[in-house]
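Reading through the structure tokens given below for one structure.
Number of protein chains: 2
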Amino acid sequence: MAVPRWREIAEDLRGRIKDGEFAKADPDQQRAANQLPTESKLQENYGAVSRNTVRQAIDHLVSQRIVYKQAGRGTFVVEALQPFVTNLTVGVKTETVGYREGAEREGRTATTSEPRVEIQAADAWQAATLGINPGESVVVRHQRRFIDGQPFSLQTSFYPMAFVQSGATELLQVNDIPMGAMAYLHEKLGVEEAGTVDRISARSPNSGEAEFFRLPDSGAVAMLVHRRTTYDRDGNPIRVTVTTYPADRNEFEYLTGKVSSRPS
Amino acid sequence: MAVPRWREIAEDLRGRIKDGEFAKADPDQQRAANQLPTESKLQENYGAVSRNTVRQAIDHLVSQRIVYKQAGRGTFVVEALQPFVTNLTVGVKTETVGYREGAEREGRTATTSEPRVEIQAADAWQAATLGINPGESVVVRHQRRFIDGQPFSLQTSFYPMAFVQSGATELLQVNDIPMGAMAYLHEKLGVEEAGTVDRISARSPNSGEAEFFRLPDSGAVAMLVHRRTTYDRDGNPIRVTVTTYPADRNEFEYLTGKVSSRPS
DNA sequence: AACGATTTGTTCGTATGTATC
DNA sequence: TGATACATACGAACAAATCGT
Chain A
41 MAVPRWREIA EDLRGRIKDG EFAKADPDQQ RAANQLPTES KLQENYGAVS
91 RNTVRQAIDH LVSQRIVYKQ AGRGTFVVEA LQPFVTNLTV GVKTETVGYR
141 EGAEREGRTA TTSEPRVEIQ AADAWQAATL GINPGESVVV RHQRRFIDGQ
191 PFSLQTSFYP MAFVQSGATE LLQVNDIPMG AMAYLHEKLG VEEAGTVDRI
241 SARSPNSGEA EFFRLPDSGA VAMLVHRRTT YDRDGNPIRV TVTTYPADRN
291 EFEYLTGKVS SRPS
Chain B
41 MAVPRWREIA EDLRGRIKDG EFAKADPDQQ RAANQLPTES KLQENYGAVS
91 RNTVRQAIDH LVSQRIVYKQ AGRGTFVVEA LQPFVTNLTV GVKTETVGYR
141 EGAEREGRTA TTSEPRVEIQ AADAWQAATL GINPGESVVV RHQRRFIDGQ
191 PFSLQTSFYP MAFVQSGATE LLQVNDIPMG AMAYLHEKLG VEEAGTVDRI
241 SARSPNSGEA EFFRLPDSGA VAMLVHRRTT YDRDGNPIRV TVTTYPADRN
291 EFEYLTGKVS SRPS
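For the record, the sequence lines run as chains A and B.
Read in order, the letters of the first sequence correspond to residues 41 to 304 in the numbering used here.
Read in order, the letters of the second sequence correspond to residues 41 to 304 in the numbering used here.
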């Protein structure tokens, strides 16, 4: 038993899926378009194997986002989603405005929840990235973003509390800052954005993300994580923004030089 | 049975792991550092539940990269890897040189395999991104990259065959182009890089990637995918490069303005 | 090098619950 | 409401990997 039976079955099914065997409906077999045979049919199909073994094979394909299952309905091939491309190039527009315009350019409607504003004691990571001491106060602004009513991304921004104490009290307002937070800080305090550092990573969704984005809890869909730290002319951090996107329907884009965005 | 037993067990274990219960060795229980109790111990622990139920709970944690299992040894908590940060900012250095210097800055050694060079008929995607017709020839250069001997990334570059026909025959050489391919094309043909478009996405590893990076085939580790298209002054594509990295130990970085890379 | 103990992996069978149509 | 299909759960046996003796 060098290679387990469930793996043989999984590989065979993967091949049959790739060959498009389940792409179209099959009225003879009472199979809807895109649907795999039922577990009991597969049991016969693969020589009176146990149902548990078939299920293990299918679960393997589920974990790789090749198929998904729905209790009472059946097992279906995952259809690739048209990715929404977020342009992260630092440029004329603030990132929030850019996100809205990017959506509208494709004829979609972007909305955001009212921000949830909190004051937190900085943990080690917040302190290190904001250049303050752990335990100092941090303004946390959290927003949920939607496109065409569908959950799109979760964004959390961190500002040192010192800005509020210096008079930038709008940071605590529980609604959008229309001109953008950076423009507001510039106007109010003369704080000027001089550069940014972006970090991009991917990880499994946490439970809050899985719920908001309605992701399967199997961990099959990863989250893309975009962290942007904005610095002033003296190299001091002004803000840290962390935005998470489900990786099955999102891509990031950066432009350099004289180019325009292209399909890919 | 609103919430299944295996999920209760999985959640409980997740909490115990987070609380560090298994962080240190426990000689009384013959448990190595980082190791979870054995399946049979957990069976007793959770009230004479079936071993299969315990296994389902653990498999759930495996799919979320919280633990990993090794046959004959046990189940262990995943330790976060120190991420290697790849700076993708388009700047003075070519990307290949930047990768090498980034590694050396951290006292690590970067190596690459000899390139595998192929001529392929362009598929739909290659044709679209390179601005040629499907079926036309494409030069494909593929390299495996290592850091300290560990597999680090897989890179594949695509060039229109027209460059070779115009005299840039080095593109077909089965070894590195020391000055960098872009500099070579500039010197040989006067082709000049005027801009780039980067796309970043994440997906499950394919079988080749899983083997090369020695990833668990459970799909728990995602791949970060970086696609860079380089354009000349007329907006024509010169090259498309696709590089994949395992997401559990890699991050990307983009710098803008006057900043320097910082820990994060 | 061989063996036995331990631990996870594979596979079977069976019964019952829950979701969908 | 019944039929269908996936989900949960139990029990059991043997295989294969690992490790210490």
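Ideal placement from N, C-alpha and C gives every residue a C-beta, glycine not left out.
Per the DSSP calculation, residue i is bridged to which residue(s)?
i         : result
B:Ala-295 : The question names Ala, but residue 295 of chain B is Leu in the sequence shown. Note: B:Leu-295 sits in a beta bridge opposite A:Val-237.
B:Arg-289 : DSSP lists no partner for B:Arg-289.
A:Glu-158 : A:Val-180
A:Gln-195 : A:Gln-183, A:Thr-283
A:Thr-152 : A:Arg-185
B:Met-263 : B:Arg-243, B:Pro-286
A:Val-306 : Residue coverage of chain A in this structure runs from 41 to 304, which leaves residue 306 of chain A outside it and unanswerable.
B:Tyr-271 : B:Gly-235, B:Pro-277
A:Asp-66  : A:Arg-71
B:Gln-190 : B:Ile-187
What is the residue span of the beta strand (DSSP E) that residue i lies within?
i         : result
A:Leu-205 : The sequence given here places Gln at residue 205 of chain A; Leu does not occur at that position. Run containing A:Gln-205: none in the beta strand (DSSP E); it sits in the alpha helix (DSSP H), 202 to 205.
B:Ser-177 : 177 to 187
B:Gly-114 : 114 to 117
B:Val-125 : 124 to 127
Tell me where the alpha helix (DSSP H) around residue i begins and ends.
i         : result
B:Val-102 : 91 to 103
B:Thr-169 : 164 to 170
A:Asn-85  : 79 to 85
B:Leu-225 : 221 to 229
A:Asp-52  : 45 to 58
What does the Cβ neighbour count give for residue i, buried or exposed, with the cut at 16 atoms within 10 Å?
i         : result
A:Asp-238 : buried
B:Phe-292 : buried
B:Asn-173 : exposed
A:Val-94  : buried
B:Arg-260 : The residue you asked about is not Arg; residue 260 of chain B is Ala in the sequence shown. Looking at its Cβ environment, which holds 16 or more other Cβ atoms inside 10 Å, B:Ala-260 is buried.
A:Met-263 : buried
B:Ser-153 : exposed
A:Gln-75  : buried
B:Glu-233 : buried
A:Ser-197 : buried
B:Gln-195 : buried
B:Leu-53  : buried
A:Thr-149 : exposed
A:Val-178 : buried
B:Ala-50  : buried
A:Thr-209 : exposed
B:Trp-165 : exposed
A:Thr-151 : exposed
B:Ser-313 : Absent from the model: residue 313 of chain B. The displayed extent of chain B is 41 to 304, so no value can be given.
Three CB pairs or more closer than 8 Å across the stretch 182 to 194 of chain B and the stretch 147 to 161 of chain B | yes
Taking Cβ-Cβ distances below 8 Å as the criterion, which residues of the stretch 237 to 251 of chain A are in contact with chain B?
-> Going along the stretch 237 to 251 of chain A in chain order, one finds Val-237, Asp-238, Arg-239, Ile-240, Ser-241, Ala-242, Arg-243, Ser-244 with a Cβ nearer than 8 Å to chain B.
Between the stretch 183 to 216 of chain B and chain A, which residues of the former have a C-beta closer than 7 Å to a C-beta of the latter?
-> none
Using a Cβ-Cβ cut-off of less than 8 Å, give me the residues of the stretch 103 to 118 of chain B that come near chain A, in sequence order.
-> Ser-103, Gln-104, Arg-105
Can at least three beta-carbon pairs, one atom from the stretch 282 to 289 of chain B and one from the stretch 245 to 258 of chain B, be found at a separation below 8 Å?
-> The answer is yes - the stretch 245 to 258 of chain B touches the stretch 282 to 289 of chain B, with three or more Cβ pairs under 8 Å.
Members of the stretch 280 to 300 of chain B that neighbour chain A once the beta carbon cut-off is set at 7 Å | Ala-287, Glu-291, Phe-292, Glu-293, Tyr-294, Leu-295, Thr-296, Gly-297, Lys-298, Val-299
Should the stretch 240 to 247 of chain B be regarded as contacting the stretch 188 to 197 of chain B, the criterion being three or more beta carbon pairs within less than 8 Å?
-> Contact between the stretch 240 to 247 of chain B and the stretch 188 to 197 of chain B is absent, because fewer than three Cβ pairs lie under 8 Å.
Counting Cβ pairs closer than 8 Å, one from the stretch 78 to 92 of chain B and one from the stretch 125 to 132 of chain B, do we hit at least three?
-> Touching, no.
Looking at C-beta atoms only, is the number of pairs between the stretch 262 to 273 of chain B and the stretch 113 to 122 of chain A that lie closer than 8 Å three or more?
-> no
Chain-ordered residues of the stretch 62 to 81 of chain A with a beta carbon less than 8 Å from chain B | The stretch 62 to 81 of chain A vs chain B, Cβ under 8 Å: nothing.
With 9 Å as the limit, tell me which residues of the stretch 118 to 130 of chain A have their beta carbon closer than that to any beta carbon of chain B; keep them in chain order.
-> Pro-123, Val-125, Leu-128, Thr-129, Val-130
Can you list, in chain order, the residues of the stretch 257 to 268 of chain B whose Cβ is nearer than 7 Å to any Cβ on chain A?
-> Closer than 7 Å at the C-beta level to chain A, one finds these residues of the stretch 257 to 268 of chain B: Ser-258, Gly-259, Ala-260, Ala-262, Leu-264, Arg-267.
Select from the stretch 222 to 234 of chain A all residues with a C-beta closer than 8 Å to any C-beta belonging to chain B, and list them in chain order.
-> Taking 8 Å as the Cβ-Cβ cut-off, the stretch 222 to 234 of chain A approaches chain B at Glu-233, Ala-234, given in chain order.
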